[in-house]
Amino acid sequence: MFGYRGRRSAAVLVAIGTVAALTACGAKTGDAVGSAQAGGGAVVDTSGSAVKVGLLNSLSGTMAISEVTVRDAIKLAVDEINAAGGVLGKQLEPVSEDGASDWPTFAEKAQKLISQDKVAAVFGCWTSSSRKAVKPVFEKNKALLFYPVQYEGLEESPYIFYTGATTNQQIVPALDYLKSAGKTSVYLVGSDYVFPRTANKIIKAYAAASGMKVLGEDYAPLGSTEFSTIVNKVKASGASAVFNTLNGDSNVAFFKEYKSAGLTAEAMPVLSVSIAEEEVKSIGTQYLAGQLTAWNYYQTTKGAANDKFVKAYKAKYGADKPTSDPMEAAYTSVYLWKAMVEKAGSFEIEKVKAAANAGGITFEAPEGLVTVDGPSQHVFKTARIGKIGTDGLIEEVWNSGQPVKPDPYLKSYSWATGLS
Amino acid sequence: MSLLVGQLFSGVSIGAVLLLIALGLALTFGQMNVINMAHGEFIMAGAYTVYVLQQVVTSAGASLLIALPVSFVVAGLLGVLLEVLLIRRLYARPLDTLLVTWGVSLILQQAARDIFGAPNVQTRAPEILTGSVHLTDDIAIASSRLFILGLALAAVAALTIVLRTTSLGRRIRAVVQNRDLAAVSGLSTGRVDRLTFFIGSGLAGIAGVALTLIGPIGPAMGTNLIVNAFLVVVVGGIGQLKGTVIVAFVLGVLQATVEYTTTVSVASVIVFVAIVAFLQWRPQGLFTLRTRSLA
Amino acid sequence: MTGLSVRDLRVVFDGFVAVGGVDLEVPEGDLRFLIGPNGAGKTTLIDAVTGLVKATGHVAFDGRELLGRKVHRIARLGIGRTFQTAAVFEELTVLQNLDIAAGWARSPISLLRARRSVPPTVEKALATVRLSEVRDEPAGTLAHGQKQWLEIGMLLVQDARLLLLDEPVAGMSQDERDATGELLGELSRDRTVLVVEHDMDFLRRYARTVTVMHAGKVLSEGTVAQVQADPRVQEVYLGHPVKEAS
Amino acid sequence: MKRAALGFGVTAALLFAVAPLVLGDFRLSLLAKYLCFAIVAVGVGLAWGRGGMLALGQGVFFGLGGYAMAMHLKLADAGPGNLPDFMILYGQLDALPWWWAPFANPIFALLATVLLPMLVALLLGLLIFRRRVRGAYFAILSQALAAAFAILLIGQQGTTGGTNGLTDIQGFFGYDLNDPVNQRMVYFVVAAALLAMLGVAWQLMRSRYGELLVAVRDGEERVRFLGYDPANVKLVAYVVAAGMAGLAGALFVPAVGIISPALIGVVPSIEFVIGVAVGGRATLAGPALGAIAVAWAKTALSERVPSAWTYFEGLLFVLPIVFLPGGIAALFKWRRRARLVPPAEVKEKVAA
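Protein chains in written order, with our numbering: chain A, 19 to 438; chain B, 23 to 317; chain C, 6 to 251; chain D, 984 to 1335.
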């Protein structure tokens, strides 16, 4: 009754399967033939009257709050382009996938968009972690990603276009501004992930070179909402300003605590790099009025292109919906891709890339004229410091005057040697 | 010195928040052995109640005061609904209540996202609760924190009085100590269960009101808090409130102290290690209700 | 010395004295019944002997001190017990229940193998407790009396030298009681058996000696006749004289 | 016995022959990911279904296995003497941290993927089970463990990659992971591992130990009176489950190309359990099938209606557990009810 035959036959099957699998193995690492075979490159499906483009954003989970607005902005651009006749005579068909605020899911969905849907380009991702997770997928498949959010720099991928600010277009100008405003010491508060840690490393290098003092540095886990200790430390430090790289929900708790502790924007302003119009709305001007932000675009930015963008966005999604920097960068990224495709005269990825790398891709964006920097695949952007008003909008108080050349590795800054 | 006092108060106020959240759990988990992971979403419901009320009542102060009883009832009713629909079928399977209520919490969160939108919403606090109270010239403590501490202590006092002196309290304790005997003695255990759940969940609603003063109001606001609150109840020992009260404050001060000297992430690991170590010493928690029936 | 020897045993729950200084000697070969009104401390005494509750004093079996040892270590010294409400593993079959009871000393290797044949002791116990027919049924489906027997069967395969039985015949039919009584008599020949029982009729028929407990103390001890004649016992059972208790 | 042989045969045929023929590269690599979850589920089924230990911290062991594997692969990618890319970027380190160094050795790393989680589980289990922390206490504690471990990993960005985790893994013991053929190979390895783990679980469940484990689940105190120390009995199942989770995490890395704290915290850990509950917690195949079904449903639903997934997942926790505690398996197994009925929670009858 208790024989072993069953197990043995199963074991034999397993063994056969494994051996078969192993003998059928493909390329070894460093094997030139294998690599070429592996990366034949993504094929864009241009057979129909429409070309698919991928939208990869978190529509659920903790990041949905921010990423849904980016998705909406991308859709707006796609609709506008379609209404104006499409790209190279083809309509764009958006395929939206949910990254679910989960990095492996981002990788999975990126692969799906590339190999199942055969999209011409993918727009999306917000967190650095999601970008890091999909980066190998795009490189392996030789497919294009347009990443629309300000980030920590120190990265260039041949298959990613970065349309948000890199550090020298946001963090460095913000520090310049604080310095010029006579702030001699800062306290660094951030969420515990890549962007704040890298940003703070840059800030410390900058401070060391410019005589600014960094009086403390604290990180809260993402999603943390308990800030009494950190605010106590900030208050005790007596810094003249706070550089805030907190993300999401943590900002709400931080600013409520900040005000409770009797700290004010006048005495110790907080300069935030992750608080845009949407976040202001959910934190409340009661706590935020007078605080500073650093971005490349505000809803109040002057110009006909922005008036048109704001009007179109509100018409499509509701009058109470503000526009913000990442949304604008996402919106712009679709138009930049369109310009690349049109210049290349083809949807073929290597040709689109070549057209962009040759330079001269521009777009009259809501933030002003943006130009793609061919070699780095980043974008020239104007840095802007804003002050949060009691009406929930952000008024520009300073800008860099002209678009700043992207420098993701901060190679042109002497104090930054050794950072990358 | 001022920093020391400030930091001590931080610890106490972290403890007060923990206590306010854990109090309801002490009742539903401690007394009824139900692990309600949706407790965090009842907190969320309480916080959204403030938001909704403020659409009607413009005065921030008045809306907050009205919100306290209203949130209690809203969250309490959600709790009763949960008890009647699901928990009632699971009294023999306490571990399963954990998973089922986790599912409920996912559904409630998504519902909040669909009703109120994914972004956090904004509530106004009365000006008096956004500033700080100066004890001396250089020692100031946040008035919102003071309010929460007061609220937490008031909730403990009220709950103690209810449990000790009212007939409802006696019935709750009778059911906890011997369900079968209570049933045989003519007590409607079903009704007592529902009432207990109403109060426990209602306390979550109160906690939600308090949290609008210090934290974000959004669909995910409850999830971050729930695990720590459960730890408080576990370490405090089930069946008695005093353990929960003491442990909430001790953990709060421990967290604040370690966090001050190290980092937040090291602090949470140290707190966890401390808890495991503590359970080596007292596996049933700080205080236990000794009955013959538990070895 | 063989058998159970209890000296000055005390068990206190939060100030309530459940057992307050009990001395008890049960030699090998005895079939001792332990009786007393509710709350007299009978079950607590068994709990203390088996390590379930903390106690002070001395409890020795076959000369070895039991107090301070962990429950499973006490069990390994050959002390087995049953419970007021039959505690069998309801989702396991009768055979599995017995096999587990027989097996604490098994090596890890044999534990990790499936059972290939029924161990002889289990086979014998199945017959003894008349459960051979239902050996592949889940224990949860057994009648109440059968569960009690299964528990006794588990004591048998456990090869316990000291058997502590808590109301073993509660809920049994008269036939089953008789069979149980016979079995206990047989078992007690080379073992030490202590039975807590309320059924006075059963007691009169099968007890060799009786200890009466009251309010945590031993009130009287002796043969059935001696105990029944003890005025203190009659006083305790006033209103419920021993003779009418069955 | 014949049923078991048939079951293993059919499963092997499905995994090794049918799936690779029917599915394209992309779907096959998704299946590889699901199978990793299934391996975790087999362990959870053993610990929870048979042992009554609701392990809500399996993400920790999954993570330990995954990180052990990923650390080796990152070091192998970087080449001898070089630091992994992210360390240069974020860590500003001159030398490899001491606790990374041994993982350069493939044999050490491979052993560590399974043994490290088992060791951690052993230590933790000794502390927890010896002191009779169980039931809800155990569940909550294991959940807190997952939270603490995730926060710890995130906090050490320079040496663990922080929230990003370890990504961009190019090779797998010399094989280029970008090559679809090698991705198929990874799938076969995962499938073989799942079958092997099913075999281990099958043997454990049918053994005397398996019966003893059920006895401990249903009457921990009672088992003590039979001379067993239930802590040891539970420890074995817990440690084996941890090893399986570690193996799954290790295989997840080449299959998906990333390991991150997002797979370790409270939420992913509880998600490991849901498939088990849906499939049938106390059965052999139920947990694995349930895990695959839930993961597949997640992909399928989120491709079509993203927001609906959350509702659906919520209902997955609620409906089967309340109304079908035996899981889907219970629908098919009326006849063999003896072992397969869901565990009524620990009945402390002994107590009285």
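Ideal placement from N, C-alpha and C gives every residue a C-beta, glycine not left out.
Beta-carbon to beta-carbon, LYS339 of chain A and LYS332 of chain A are separated by about 6 angstroms, close enough to satisfy the 8 angstroms threshold.
Contact check for PHE1295 of chain D against CYS1019 of chain D fails: the beta carbons are separated by 7 angstroms or more. Remark: fewer than three beta-carbon pairs, one from each stretch, lie closer than 8 angstroms, so the region 94-114 of chain C and the region 177-190 of chain C are not flagged as touching. HIS63 of chain C: member of the beta strand (DSSP E) spanning 61-66, first to last residue. Among the residues facing chain C, ASP1212 of chain D is included, as its CB has a counterpart in that chain under 7 angstroms away.
A Cβ-Cβ separation of about 12 angstroms leaves ALA125 of chain A out of contact with VAL140 of chain A under the 8 angstroms criterion. Counted as a single uninterrupted DSSP element, the beta strand (DSSP E) harbouring ASP116 of chain A occupies residues 109-116. DSSP assignment within the region 308-386 of chain A yields the following whole beta strand (DSSP E) runs of 3 residues or more, N-terminal first: 310-313 and 380-383. According to the DSSP secondary-structure assignment, SER209 of chain A is paired through a beta bridge with A:ALA238. In the three-state reduction of the DSSP assignment, PRO143 of chain C falls in the strand class. When the beta-carbon positions are compared, GLY41 of chain C and MET218 of chain C come within less than 7 angstroms of each other.
Of all residues in the region 277-302 of chain B, only ALA278, GLU281, TYR282, THR285, VAL286 and SER287 come within less than 7 angstroms of chain A when Cβ atoms are compared, listed by chain position. When DSSP assignments are scanned along the region 69-101 of chain A, the uninterrupted stretches of alpha helix (DSSP H) that are 4 or more residues long and fall wholly within it turn out to be 82-101.
Residue nearest to GLY46 of chain B within the set B:GLY62, B:GLN144, B:SER35 and B:GLY37 is B:GLY62 (criterion: CA-CA distance). Closest option to ALA80 of chain C, judged by alpha-carbon separation, among C:GLU142, C:VAL93, C:LYS152 and C:ASP164: C:ASP164. Collapsing the DSSP output to three states places LEU264 of chain A in coil.
Within the same chain, and ignoring the five residues on either side of LYS219 of chain A in sequence, the residues whose Cβ sits closer than 7 angstroms to its Cβ are LEU437. Residues of the same chain with a CB within less than 7 angstroms of the CB of ILE36 of chain B, apart from the 5 flanking positions on each side, are GLY274, GLN277 and ALA278 in chain order. Interface criterion not met: the Cβ of LEU1105 of chain D is under 7 angstroms from no Cβ in chain C. Contact annotation, THR234 of chain B with THR145 of chain B: C-beta distance approximately 5 angstroms; criterion of less than 8 angstroms satisfied. Note that the C-beta distance between LYS1016 of chain D and VAL1239 of chain D is below 7 angstroms. Taking 7 angstroms as the threshold, the shortest C-beta distance from ALA1225 of chain D to chain B does not fall below it. In the three-state reduction of the DSSP assignment, TRP1082 of chain D falls in the coil class, being assigned neither a helical nor a strand state.
Ranked by how close their Cα comes to the Cα of GLU382 of chain A, the residues A:PHE398, A:GLU368, A:SER394 and A:ASN262 have A:PHE398 in first place. GLN309 of chain A counts as buried, since at least 16 other C-beta atoms from the protein chains shown sit within 10 angstroms of its C-beta.
Among the CB atoms of chain B, none fall inside 7 angstroms of the CB of GLY1273 of chain D. Per DSSP, the unbroken alpha helix (DSSP H) holding LYS152 of chain C starts and ends at 149-162. Taking the Cβ atoms as the reference, VAL76 of chain C lies roughly 6 angstroms from PHE1208 of chain D, within the contact range of under 8 angstroms. By the C-beta criterion, the region 1034-1048 of chain D is judged to be in contact with the region 1120-1132 of chain D, since at least 3 inter-stretch pairs fall below 8 angstroms. Within a 10 Å sphere around the beta-carbon of GLY52 of chain B sit 16 or more other beta-carbons, which makes this residue buried. Against chain B, the CB of ASN250 of chain A has a partner CB under 7 angstroms away; the residue lies at that interface. If you look at ASP52 of chain C, you'll find it in the alpha helix (DSSP H) that goes 47-54. Beta-bridge partners assigned by DSSP to LEU9 of chain C: C:VAL31 and C:PHE66. When 7 angstroms is used as the limit between beta carbons, GLY125 of chain B is near these residues of chain D: GLY1297, LEU1298, LEU1299, PHE1300 and VAL1301, in chain order. Using a Cβ-Cβ cut-off of 7 angstroms, ILE170 of chain B does not count as an interface residue toward chain A, since no Cβ of chain A sits closer than that to its own. The alpha-carbon of ALA1245 of chain D is positioned some 39 angstroms away from that of VAL415 of chain A.
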